[in-house]
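Each remark here refers to the structure printed beneath this line.
Numbering (full-length UniProt numbering), first residue to last: 1 to 412.
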């Protein structure tokens, strides 16, 4: 993630704001996010009419400040994998340091990441989640594999999903080639990457590939192709957060118009894909792997992610959903306190799922974070008057009851 914002940076920042926060959200957002937004994100208004070619031509200039290129780092290695249609794509390995990893020289548990960050299946690359991948590798001592999957509109609907699924199958079958443990695989992603993780966890169940955990960060889990106004959504958060920062109604339509879940009249497009590729919420969820879901209070996608969690629980899947208050859709890529909280929660989930640092891994893997994670205070990052300073609320599957159980809430 980018470095924290200093007081001097705030004082020195230009005062011209081209894309101010909508007034409805000022009282709902954490102050450290507001400071970051005004300093880094408010200077240019998103051009929702720009053609893809123009954006691709200005990739470096338009890249998020959170993007990082670790391709030349000593612990990083790129390998080439093949999808089911013969397409060759890159998987980037973040290899643990054997001197500090609890697994020594390996083999290592492996986490497969599918990038996102407000990419809408249209943008993003191996720089998008690089900072998070490096932190997971360093803090957990596990192998992290980041997938450079195909994007829309240059490629048909579902091609990126199939690249990610091919990568998981390869790790399961040939993990020993990269010093990975095929019996200890987790998956995850943010935004579009969370959608892909929801699809892959269902495909893995069908293929009898056992996964330890799926991390779904602010996921989209339904198609928005038929929406013409926010009120067309069955989820109240679409209307509530129509004008949210970072991801709002206009930006969602921008992605849709550039091919997200379209090609209905194209025999190679989404119309011929299994429904879970566009609507994982409507898939059969019984028997999928344990799941951790993160949602954000100021995100149009908030409610669909939480309903996915409810459906998982109804299917008997060990699940925790955490709503982070006072932040928008892609908050985990920002230098703010809720991003730190998210990373700690994800590390705890993966640590428990893989048994990292425990001698009795088989016992710990079933204990899991879902019974051990604690609510944390977000010191100095109150979520605004409308939430009473609420920092995070968590719901967990109640063992033996198969229903939501509120774990309480944390006040900043």
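The beta carbon of each residue, even a glycine, is placed where N, CA and C say it ideally should be.
Residue span of the beta strand (DSSP E) that contains residue i, given as start and end
i	result
residue 236	That residue, residue 236, is in no beta strand (DSSP E); its alpha helix (DSSP H) goes 236 to 240.
residue 277	Where residue 277 is concerned, there is no enclosing beta strand (DSSP E), given that its DSSP letter is neither H nor E.
residue 111	108 to 114
residue 209	Here residue 209 belongs to no beta strand (DSSP E), and DSSP marks it neither H nor E.
residue 326	319 to 328
residue 296	291 to 298
N-terminal and C-terminal residue of the alpha helix (DSSP H) that residue i is part of
i	result
residue 193	192 to 206
residue 313	302 to 314
residue 346	337 to 354
residue 32	31 to 36
residue 17	That residue, residue 17, is in no alpha helix (DSSP H); it is neither H nor E in DSSP.
residue 163	159 to 174
residue 136	130 to 140
residue 254	249 to 257
Where residue i falls, given that 16 or more other Cβ within 10 Å makes a residue buried
i	result
residue 174	exposed
residue 183	exposed
residue 291	buried
residue 198	buried
residue 88	exposed
residue 146	buried
residue 28	buried
residue 105	exposed
residue 53	exposed
residue 177	exposed
residue 85	exposed
residue 230	buried
residue 372	Because the pLDDT of residue 372 is 32, which lies under 50, any placement of that residue in the model is unreliable, and the number read from its coordinates should be weighed accordingly. It is exposed - the Cβ of residue 372 has fewer than 16 other Cβ atoms within 10 Å.
residue 80	exposed
residue 78	exposed
residue 328	buried
residue 275	exposed
residue 50	exposed
residue 207	exposed
residue 109	buried
residue 98	exposed
residue 47	exposed
residue 152	buried
residue 245	buried
residue 228	exposed
residue 219	buried
residue 26	exposed
residue 100	exposed
residue 351	buried
residue 72	exposed
Own chain, CB closer than 8 Å to residue i, minus 5 neighbours either side, in chain order
i	result
residue 76	70, 92, 93, 94 and 95
residue 201	187, 211, 214, 288, 289 and 291
residue 277	157, 158, 161, 199 and 270
residue 359	Low local confidence applies: a pLDDT of 39 at residue 359 is under 50, so the model's placement there is unreliable, and no value is given.
residue 19	41, 42, 43, 44, 45 and 46
residue 137	75, 94, 95, 96, 143 and 144
Neighbourhood of residue i by C-beta distance below 6 Å, restricted to the same chain and skipping five residues each side
i	result
residue 115	124, 128, 129 and 193
residue 82	88
residue 381	Confidence at residue 381 is low in this model, with a pLDDT of 37, below 50, so its placement is unreliable and the value that follows should be read with caution. Excluding sequence neighbours, residue 381 sits near 30, 32, 337 and 412.
residue 150	159, 160 and 163
residue 17	42
residue 321	293, 306, 309 and 395
residue 319	291, 309, 312, 313 and 397
Closer than 8 Å to chain C by CB, residue i
i	result
residue 192	Checking the listed chains, one finds no chain C in this structure; it contains a single protein chain.
Those residues which DSSP pairs with residue i across a bridge
i	result
residue 81	89
residue 185	110
residue 233	DSSP, once it has assigned bridges, lists no residue as partnering residue 233.
residue 413	Nothing about residue 413 can be read from this structure; the chain reaches only from 1 to 412.
residue 222	None; residue 222 has no bridge partner.
residue 147	91 and 114
residue 76	94
residue 180	108
Same chain, Cβ closer than 7 Å to residue i, neighbours up to 5 away in sequence not counted
i	result
residue 36	5, 334, 335 and 336
residue 222	279, 281 and 304
residue 399	Because the pLDDT at residue 399 is just 46, under 50, the model does not fix this residue reliably, and the point stays unresolved.
residue 10	Low local confidence applies: a pLDDT of 43 at residue 10 is under 50, so the model's placement there is unreliable, with the coordinate-based value given in what follows. So the list reads 35 and 39, once near-sequence residues are dropped.
Proximity test, residue i beta-carbon vs the ligand NAP heavy atom, cut-off 7 Å
i	result
residue 172	This structure simply doesn't include the ligand NAP, nor any ligand for that matter.
Review point. Counting Cβ pairs closer than 8 Å, one from the stretch 294 to 310 and one from the stretch 225 to 240, do we hit at least three?
Key: yes
Note to self: When you compare the stretch 325 to 337 with the stretch 29 to 49, are there three or more beta-carbon pairs, one atom per stretch, that lie closer than 8 Å?
What the structure shows: yes
Discussion item. Using a Cβ distance threshold of 8 Å, determine whether the stretch 341 to 353 contacts the stretch 276 to 285, with at least three qualifying pairs required.
Written reply: no
Quick check: the stretch 307 to 319 against the stretch 245 to 258, are at least 3 beta-carbon pairs closer than 8 Å? no
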